[in-house]
Structure formats: structure tokens, C-alpha cells
Amino acid sequence: EERPLRGTAGFRDIKLAAYRLSDFGITAANAGTVVSFRMTAGGGSDPAFYSYNSGSLSVTAGSAGTVSSNQTLCTGNTATVSVSGSVGTIQWQQSPDGTNGWANVTGGSGATTATYTTPALTATTYYRAVVTNGACSPLTSATITITVNPASVAGTVSANPTICPNTNTTLTLTGSIGTIQWQQSVDGINGWTNVSGGTGATTASYTTSNLVLTTYYRAIVTSGVCAPAASATIMVTVSSTNTWVGITSTDWNTPSNWSCNIVPDATIDANIPVVNTGLYPALTNATGTSRNLNISTGASLIVTGTGFIRIAGAINNTGTINVLDGGVSFIGTSAQTIPANAFQANFVKNLTINNVAGVTNNSVLSITGTLNPQAGAFNTGDQITLKSNAATTAQIAPVTGSVAGTMTVERYIPARRAFRFLTSPVNGGTIRANWQEGGAAVLGLGTDITGPSPITNGFDSSLSNNASMFRYLNINPNPANSNWVAVTNTNNTNLVAGTGYRILVRGDRSIDQTDNEAVPTNTTIRSTGTILQGNVVRTDINQTAGGFSLIGNPYQAPLNMESVLGNVTGTTNVNRTFYYIWDPTINTRGGYVTVNVSNNTNTIQDPDGPFSSVADRFAQPGQSFFVMTDTNGAGQITFRESDKGNSTVTTQLFRSASDEPVSSIRMTLFDSAALAAAAPAADGFLVTFDPSYSNDADAMDAKKPVNQDENAGMLIGDVAYSFQSRATPVASDVIQLSHTQYRHTQYTYRARVTALTGTTAYLKDTFLGTQTALANDAVTEVTFDVDPADTNSAAANRFQIVFEELLGSADNVFSNGVSVYPNPLTADQFFVKVPAGDDFKVTLVNVLGQEFSTRNSTTGTNTLQVTPDNSLSSGVYMVRITNGNVSATKKLIVK
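Spelled out as C-alpha cells, the structure:
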């Protein structure tokens, strides 16, 4: 609206024009976002000015805004960058280094928007936004760095190596891009894990740990954020064969003798080829191990002494494996086989089976030492023989695995026409098929067994056809008859392990039975069948106190009778101290020997003389023996695998005299001519002394079995004993001896007295009225003649061992004047009379050596009445009398 101005002259009129901002689209709501508002005057009007309400419009200054964060990406990928809070128009720019060469972006999308997506990038690139607000100067945002990683490149790995067991190797990687991590796998397909052990696991050169199995390796290479790349797989083959080179010695266990400079173990094959050095492996008292054992033609392995070759796999042998004096142990975890002709001469000394998966024998094989079925089942293939000769007899160790199939067991018997107490260690065929070799006359094998109606009953013919083989009725249905009964036939009687026989062995099957003077020969009897395993229980025990039972060793091994008899739960009502064997080497035809299992002595041991029985606490394989019943009633004897001994010596030597009790008298009877010729003894007996022993018959005394020829023993009552345990002897003690069945006219006793104290022992000859002192800790020989026509000369009770007090000269005078009365004593007091002189002291001592009552004499008297502190029970006591200078000991018997 125009309105004229009125005033004084010189003024011009002003035209006012009003504009509504809304006409330009500006409202209160968006006024804050107006960047610029421009008005331009035009035409020929007078100058004018514009004004507006300051609160109605504000113009915002330009702003570059805030950009997004730096990024890292793999080559060939795009990035998206953005800016927020900018004021003005946007132009994105890029630079190769963030400093120079900035230029508007090319490619991509959104170059003039708040969000820009780059094209695929192959190099690190820098970005910024340039923001222009109207006429204002452009503003530049902060720089965004887009880091571009090159693609991961796995590179090239080294070739597949082959190494020796327990060694390492170095793997390399070339041409890789990115960081490296080596991985390993057991099969190259699954189970890849980062390597453990070794060195350089994240470098281009990795050295493995020592390997025993073939292992697969690869390198994982990662470049920044790029996907990792896996290299080709390297297979490190661990050779399963270690080859003998023999450049140092013949010692199997020297590493330098092997191609890999290590000794084979159960995971490594041992390959023994022909070598130029001529040095082939040996195991002398040492152990070697392999998986498969491969021996080439012309090559060899020898094992000797206690040495063993342990095999976990197979035997491939075209050369020689000599274990004639060594051992082989099969230790695999899968089934193993002993191939035919695996060992030199098909002999092995010691064979151990320790494989729970089992071992099968496919070879004719002879064992001369020990078969040890330790773990798993051993199938003999019915081709195993346990050998026996004059030096050794093969045995079976305690069976903790199992044995299937039959085997042949030998028992060597040296030349002597004598009875042998034998048993079979197997359950097998008939006696004729085995011990008589099926009737064949074979040199060095079998024996003749005679009896009535030989053709019908399987016996061998002789001039008399008398029986030569007997069994013993432990439980005799007719006690009036002998317990010995002849075997009625051998062609229908099978071998039963542990059944005892008495058999007259004349020699092998070449002996002429029509010639009574035929020279005996060495022989070996053979038994084929199955062995007993585990506990063996015998209940066919004589049920009469003091009765004998013939029992055979059920195992092919020495049997520790101390362990057998000491088994308080499995062995009952038999004497636990003694057992009895027939020793065919004593006298002219053999005789019984009593063995004390607790101290390992026997009654025919003469350490200082020409002959002793070798019987000890170990019953030999193939041997039968007697045990004695303790009390009336049923009994039992149990054999356990743990009762087996471990000696393969055919006949064990006796133990040293140090095994004997401290105090003893050993009497060995010889035909005088035999003694002069260093021939075997006829018989013998042993008495031991200790204060804790009793002079009455008890379990510590051994009854004497009756020999075919001379019988020498000691009487308790009217029963003869071969072994007595008696109280420490005192003066006037008497041991009544018994001698029967004299076969000669002159004999010699060799008496060995050991550690006898307080008394002197004498051998008293009641026929001649003489007695001979038996020197202490020495051997005394006493020779005597026997006239069979004179009943007194040949009397069974002709000899005694009597004891007299051992005194010095002064003591002897004093002792001769001392008397103790009444003796035997039936009242509560007794008297001691001494020679006139000094006061004296009287001490009572029991059989245990305990002093329990002392009395002193009254001055001036030489007789003392002694009333013990307590009533004396029946028995023997010693009365010690001393005056301080001399002493005497007298025996007092209380009834």
C-alpha cells in the first residue's frame, strides 16, 4: 500500500513493499533449514532497501559433517562410506595415499550423497566428503581409510618325506601371502588341528616332533581379513622297518647297528638282511623287541642265556633264528602264529605267550627250558614237545593264560635197574601207547613193563612175567591186604595226570627181558596228552592217622611242597612238615628219603661224605611221593599254579648245611665196602634239637617208610621214625635206634654232630657193650660187624645214642659227687646232695631253658631239700648245681 509523505520540501516519497516468507515456502517449521534467501531489485526505480523481522528467518552456516569409520577389506570387494550432519552439497573424493592426488570419485554409486559405495577395490584407498554451502567456501570432512588386504596365497610346500621312527623332519613353505599356521592330521582328511610340539609352527619352516606314526601336515595361510588358504598336504611317512646294518658290533641294542640309529621296538619291524660286515645281531642275556621280524636268507639272529626276542607281529624267516639257548616271547595285541620251521632245528629253550588275542603254533617245536603261558590262549597245534635229558627237564610255568591242544612231555631216567615212583603230567592215551612206545623197541625211549598174560594185557614178555608196575591204594578197602597192587593192564589203562605208580625201570625198550644180567640203559619216557591247569584237588587221602598216601606231581614243573603242605585252606589233615620220596640212587636198589620241607633237609644228607640224596622240598615233574595223614578222618591236598618252582634242572642239588637247625645229629648208614668205593648210602636218619621241641611223637616227627633193603631209624615207643625233633638233650637221655633187614655183614655209620651243647653224644653198641663218642661239629665214623646167624648181633635194638654231661675236669669231679633224689619224682620236693665243701645254689630249669625256682644251701650242710615254688607238672627238668667255682647239671624226671 503506498502512502504519500508530507513534510517540508526536499523529501522524496518512500515506497514500502511487504513479502510473505510463506510465498517462498518458508515456514516456522523449516526456517531453520534455509541455507540462503536472495532478493534482487530490478527496473528503473529509485534505490530501495529491504528489511525483515530478525526472528522470522535465520540462515545456517555450511558443515562438512562426521564420516564413518576406517575399514579393512579383502581385495576385489567394495566399501560403503558415509557422512552425517553435513550442511551443503556433498562431493566424495578419493586419494591413493590420503595426502595427494585428491579427485572426485569415479565409479561406485552415491558420489554426491551422504552414502557412497566404492567400486571393487584392489588397493588401499582414502576417501573424504567435500561439502559446499551456498556461496560459502567448501568444507572437507575427515579422511576415511579403506585398507585393502591382498588375497591369501597358500604357496608351495616341500615334498613328502619318509623318515625313521622316533625321528623328526623339517617342512617348508614358499610363495605364501599371509600369516602361517601349520596343522596336522592322522589321515590327511579329518581331525586337522594346529600342530603340537616341534618348532616353527607359525613360520615358513616347521620342524616336527619325533614321530612314530605316519602323519599328515598342511599350512593354513591367512592374509588379513581375507579367507584363509590351505596348502597342499604333506605326508610324512614313518617307516615301519628298521634295517640291521651291523657296522658297530653284534649287539642288538646298540643304535648304530641299525639304519635309523635307533633300536626297534614293538611298533617297528626289524629287517635283518645279509650285511657286508658279517656282524649279525645277538641277544646274550639281553632282551630285544620288534613288531615283525624279517630275516633274509643268509642272515641270522642268535639268542642265548637269559636273552629273549620279543615279537609283537609276525615272523618272516628264510635265514636263521637260533634260540637253542635263548627265549622267544610273543607279545602282540592281535592273534599271532608260530610258523613252521621258524627256529633253528625247531628247538627253543624258553617260550613265553603274552598275547590276550592268542597264539597258535603251526610248527613241530621242542622246548628245552620253560613254557610260560602268561596271557591269552596258546594253541599247541598238537606239535609241542617238552624235552628232558640228563641235565635239564622242560617245565611249564604257572599258567595265568590258558593252553589248548596236546603236547608230549618227556621224563629222562638215568641207567639203573631200580624202582621209580612216577606219574604222568598229562591226561592222555594208554600206558602202552606212551611209556611203552606202543610196543616198539626204540633205543633211548620208553621202558618195558611186564605182567601176566602180556599179549592180552599189553605187557612186555619176560621170563617170569612178574608184574613190574604197581599203584598204591591210599584208601584200602581191605586193610588186611597190602596197599600195593599190580597194574592189571597197560593197553586199556590211560595216563591220568597226578596218578602215582611204582615201576621197575630196567632201561629203554632195547633191554633183553630174557637176560637178568642185562646192562641198564638211560631212557626217556614220553607222555602225550593235555596238561592240567589251575588248582588240582586230591581227596583220595588215607584216612588213618599215620597212614601214607601216594600222590603224583600233577604239573610239569617242580612242586614246592612247603607251599603245598602249608596251604591251610586247601590242604588238610596231612603232615605239613614232611613228605617222602623214593630215591633210586641210594643203596643198591633205592630207598625212602624223608624231606623236611620247612628247613629243606633230608635224612640222607652227608655234607662231609661221598654221597647224599638230592631230595629236597621240590617234588620233580613226573615224580610221585608219599604224604602222611595226621589224624583219623578225611584229608585233602590241593596243588596250585603258584606252588610251582622255577628250576629246569633235572635233579636239584641239596641245600647247604646252613639250612639245617643249629643243633642236630645226622646218622648215615653205609655198607662198609660201598663207603670205601664212594658208593651210595644204605639209609639214614636225622634228629634235631631245640628247647621248644618235645621228645614225644608229634607233627614235628616223621615216620619211616619201609625200604626193600636196610632200614635205619629211631624209635618212639615201637614206631620207627626217620626224622625226630627232640628237646635239647641232657645227661642220661637215650635215643633208641632201630636196624632191620641187614643185607651185608659189615657197616659203617657216619655220624655228623652239629652245635650240640652241654652234653656229649655216644653211639652205644649194646651187643658189644661199647660206646663211641661222637665228636661235636665233626664227623665220626663207627664200623661194626653183623652176624645174621646171631640174633643179638642182628638185633633191631642193638644201638642207642646216649648223652652224657659235658664237663671240665674240676666240674667232672664235682658232678660225680652230686646226686638228685628221689628221681623219678612223685612228690612235691626232692633232695640235692653235693660233696662236702662250700655253700651251693640249686636252680630248676624247664625244657624251654627258663629258670623258675632257685634255692641256696645252709652253711655247713651238703644236702639241700628243695621245694619248688609251684607244683611241678609231669615232664623232664634240669637241676643246675653250682658252688660258684664248679657246676653240674642233673636231669630230674617228674611223674
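Be aware that the sequence shown starts at 10, since it is given in this note's numbering, and climbs by one per residue.
C-beta atoms are modelled at their ideal positions from N, C-alpha and C, and glycine is treated no differently.
Here DSSP, grouped into helix, strand and coil, assigns Val546 to strand. Beta-bridge partners assigned by DSSP to Glu860: Val854. Nearest Cα to Asn294 within the set Ser305, Arg300, Ile271, Ile318: Ile318. The alpha-carbon separation between Ala495 and Pro488 amounts to approximately 16 Å. Inclusion of Pro877 and Leu853 in the CB contact set at 8 Å is warranted, their separation being smaller than that value.
Ranked by Cα distance from Asn266, the options Gly287, Asn562, Ala88 are led by Gly287. Positions of the beta strand (DSSP E) runs, each at least 3 residues long and wholly inside the stretch 103-137, are given as 124-126 in order along the chain. When only Cα atoms are considered, Asn169 and Ser214 end up about 14 Å apart.
Counting C-beta pairs with one atom in each stretch, the stretch 694-711 and the stretch 557-576 have fewer than three that are closer than 8 Å, which means they do not touch. Residues of the same chain with a CB within less than 6 Å of the CB of Asn865, apart from the 5 flanking positions on each side, are Lys850 in chain order. Between the C-alpha atoms of Leu431 and Pro831 there is a straight-line separation of about 57 Å. Inter-segment contact for the stretch 623-640 and the stretch 742-749 is absent: fewer than three beta-carbon pairs are separated by less than 8 Å. When the alpha-carbon of Gln190 is set against those of Val166, Ile172, Thr178, the nearest one is in Val166.
Glu814 is the residue among Ala770, Ala384, Ser681, Glu814 whose C-alpha sits nearest the C-alpha of Ala740.
Taking 8 Å as the cut-off, the beta carbon of Ile153 is found closer than this to the beta carbon of Ser77. Counting along the chain, the unbroken alpha helix (DSSP H) around Pro463 starts and ends at 463-466.
In the three-state scheme derived from DSSP, where H, G and I count as helix and E and B as strand, Leu395 is classed as strand. With contacts defined as CB atoms closer than 8 Å, Val221 and Thr296 fail to qualify as a contacting pair. In this structure, Phe587 keeps its C-beta atom at 8 Å or more from the C-beta atom of Arg511. If you look at Glu571, you'll find it in the alpha helix (DSSP H) that goes 570-574. Distances from the alpha-carbon of Val245 to those of Gln193, Trp201, Gly200, Asn199 put Gln193 closest.
Considering only Phe793, Gly233, Thr757, the residue with the shortest C-alpha distance to Ala686 is Thr757.
The beta carbon of Thr502 sits closer than 7 Å to those of Thr439, Ile440, Val496, all from its chain and outside the five residues before and after it, given in chain order.
The straight-line gap separating the alpha-carbon atoms of Ser471 and Asp517 is approximately 15 Å. Using a C-beta cut-off of 8 Å, the stretch 877-897 makes contact with the stretch 832-848, since at least three inter-stretch Cβ pairs fall below that distance. The closest CA to that of Ser72, considering only Asn551, Ile376, Cys269, Gln100, is found on Gln100. If you look at Arg441, you'll find it isn't in any beta strand (DSSP E); it sits in the alpha helix (DSSP H) that goes 440-443. The DSSP assignment places 278-281, 291-293 as complete runs of the beta strand (DSSP E) inside the stretch 265-297, in order along the chain (cut-off: 3 residues). The continuous alpha helix (DSSP H) containing Leu684 extends over residues 681-685.
In the DSSP assignment, Gln80 forms a beta bridge with Ile155. The beta carbon of Gln717 sits closer than 6 Å to the beta carbons of Arg598 from its chain, once the five residues preceding and following it are set aside; these are given in chain order. About 15 Å separates the CB atoms of Val829 and Lys904; that is not less than 8 Å, and the two are not in contact. In the three-state scheme derived from DSSP, where H, G and I count as helix and E and B as strand, Ser471 is classed as coil. Three or more Cβ pairs closer than 8 Å define a contact, and the stretch 520-530 falls short of that threshold against the stretch 399-416. Per the C-alpha coordinates, the member of Thr115, Ile376, Ile540, Thr134 positioned closest to Thr84 is Thr134. A straight-line Cα-Cα distance of about 13 Å links Asp742 and Leu765.
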